[in-house]
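Q:
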Amino acid sequence: MEDLSFRLEKSALLIIDMQNAFISKDGSLSKMGLDTSRTLKVIDPIKRLKKEFKRCGRPVIYLQHIHRPDKMDAGLISEVFPQIMELGHCFEGSWDADIIDDLKPENDDYVVKKHRFSGFYHTELDDVLRSLDIKILVVSGVATNVCVESTVRDAFYRDYNVFVPRETTVSFAEEFEKGSFANFEFAFARVLSIDEMIKLLGK
Numbered sequence: 696m697e698d699l700s701f702r703l704e705k706s707a708l709l710i711i712d713m714q715n716a717f718i719s720k721d722g723s724l725s726k727m728g729l730d731t732s733r734t735l736k737v738i739d740p741i742k743r744l745k746k747e748f749k750r751c752g753r754p755v756i757y758l759q760h761i762h763r764p765d766k767m768d769a770g771l772i773s774e775v776f777p778q779i780m781e782l783g784h785c786f787e788g789s790w791d792a793d794i795i796d797d798l799k800p801e802n803d804d805y806v807v808k809k810h811r812f813s814g815f816y817h818t819e820l821d822d823v824l825r826s827l828d829i830k831i832l833v834v835s836g837v838a839t840n841v842c843v844e845s846t847v848r849d850a851f852y853r854d855y856n857v858f859v860p861r862e863t864t865v866s867f868a869e870e871f872e873k874g875s876f877a878n879f880e881f882a883f884a885r886v887l888s889i890d891e892m893i894k895l896l897g898k
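For the sequence shown, counting from 1, position 71 maps to 766 in our numbering; every step adds exactly one.
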């Protein structure tokens, strides 16, 4: 989708699930057996992108995956991934649910809590975006094929133009990323390099 237009004054940065659960070797996904070391490579690119959005005075919005300890808000996630829920995956108030220290939200950042893969499902995200008059989303975070793709698709359905800098999102296996990037490029978003994205911010 190379023809998507970018307007700085209508843009916001979305940072998805950069939490200890997904990133740290001591997080719940690592304890479940997933190799979370792949996620470390997106930290610096996301920090760089956030710095540029701040420089431009544009909003930064975090999505934070949260569950109640009684799992009442987890739905089928608790059935599809029972082991991870037993490990206390993203239980509210826990270290596992915390956003990683390297990307802690600043006072003027927005944090939207979610209970499912999509950042739009039963959350205040759409209301926040519309109140800020946002039409364009630059999406980053983890995992590309799950929460990132779910959010990108739902953003497209709500008529947001979506840009995905390739270096700022990652999955737990390379083949998962490839499938998502193919889907993005075919129908849902413009995929570009972080340098290309920053160049657009500088226009």
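Glycine included, every Cβ here is placed at the ideal spot set by N, Cα and C.
I'd like the list of long-range same chain contacts for PHE858, defined as Cβ closer than 6 Å, with 5 residues on each side in sequence excluded.
A: On the sequence shown, residue 858 is found 163 positions in, with the first residue counted as 1. Within the same chain, PHE858 has close Cβ partners VAL833, ARG885.
Q: On the premise that MET713 lies in contact with ILE795, defined as a C-beta separation below 8 Å, what is that separation, rounded to the nearest angstrom?
A: Locating residue 795 in the sequence shown gives position 100, counting from the first residue. Locating residue 713 in the sequence shown gives position 18, counting from the first residue. The pair is a contact, with the Cβ atoms about 6 Å apart (cut-off 8 Å).
Q: For the stretch 774–840, list the beta strand (DSSP E) runs that are entirely contained and at least 3 residues long, ordered along the chain.
A: Within the stretch 774–840, the complete beta strand (DSSP E) runs of at least 3 residues are 805–809, 831–837.
Q: My understanding is that THR731 touches LYS720, with C-beta atoms under 8 Å, so please give their C-beta distance in whole angstroms.
A: If you number the sequence shown from 1, residue 731 lands on position 36. If you number the sequence shown from 1, residue 720 lands on position 25. THR731 to LYS720, Cβ: 6 Å. Contact.
Q: Which value, in whole angstroms, describes the spacing of the CA atoms of LEU820 and THR839?
A: As a working note, residue 820 is residue 125 in the sequence shown. As a working note, residue 839 is residue 144 in the sequence shown. When rounded, the distance between both Cα atoms is 19 Å.
Q: Looking at the structure shown, is ILE761 part of a helix, part of a strand, or coil, going by DSSP?
A: Counted from its first residue, the sequence shown places residue 761 at position 66. In this structure, ILE761 counts as coil in the three-state DSSP scheme.
Q: Starting from LEU709 and walking both ways along the beta strand (DSSP E), at which residues does that stretch end?
A: Translated into the one-based positions of the sequence shown, residue 709 becomes position 14. Segment 706–711, the beta strand (DSSP E) holding LEU709.
Q: Short check: CB of GLU747 to CB of ILE893, under 9 Å?
A: Translated into positions along the sequence shown, residue 747 becomes position 52. Translated into positions along the sequence shown, residue 893 becomes position 198. Yes, Cβ-Cβ distance for GLU747 and ILE893 is below 9 Å.
Q: Exposed or buried, what is ASP791 when buried is set at 16 or more other beta-carbons lying within 10 Å of its beta-carbon?
A: Taking the first residue of the sequence shown as position 1, residue 791 is located at position 96. Result: buried.
Q: Starting from PRO860, trace the beta strand (DSSP E) both ways and give me its first and last residue.
A: As a working note, residue 860 is residue 165 in the sequence shown. Segment 856–860, the beta strand (DSSP E) holding PRO860.
Q: Please list, in chain order, all residues of the same chain as ALA761 whose beta carbon is under 6 Å from its beta carbon, the five residues on each side excluded.
A: Position 66 of the sequence shown, counting from 1, holds the residue named residue 761. The identity of residue 761 in the sequence shown is Ile, whereas the question assumes Ala. CYS785, GLU787, ALA792, LYS808.
Q: Out of GLU880, ARG825, VAL865, THR863, point me to the one whose CA is closest to ASP854's CA.
A: Within the sequence shown, numbered from 1, the residue matching residue 854 stands at position 159. Among GLU880, ARG825, VAL865, THR863, the Cα nearest to that of ASP854 belongs to ARG825.
Q: So what does DSSP say about LEU895, is it helix, strand or coil?
A: Counting from one through the sequence shown, the residue named residue 895 turns up at place 200. In this structure, LEU895 counts as helix in the three-state DSSP scheme.
Q: What does DSSP give as the partner residue(s) for VAL865 in the beta ladder?
A: In the sequence shown, counting from the first residue as 1, residue 865 sits at position 170. Looking at the DSSP assignment, VAL865 forms a beta bridge with VAL837.
Q: For the beta strand (DSSP E) that ARG753 lies in, which residues bound it at each end?
A: Position 58 of the sequence shown, counting from 1, holds the residue named residue 753. From DSSP, ARG753 is part of no beta strand (DSSP E); its letter is neither H nor E.
Q: Please report the distance separating the alpha-carbon of GLN778 from that of MET727.
A: As a position in the sequence shown, residue 778 is number 83, starting the count at 1. As a position in the sequence shown, residue 727 is number 32, starting the count at 1. When rounded, the distance between both Cα atoms is 7 Å.
Q: According to the Cβ coordinates, are ASN856 and SER700 closer than 9 Å?
A: Residue 856 sits at position 161 when you count from the first residue of the sequence shown. Residue 700 sits at position 5 when you count from the first residue of the sequence shown. In this structure, SER700 lies closer than 9 Å to ASN856 by Cβ.
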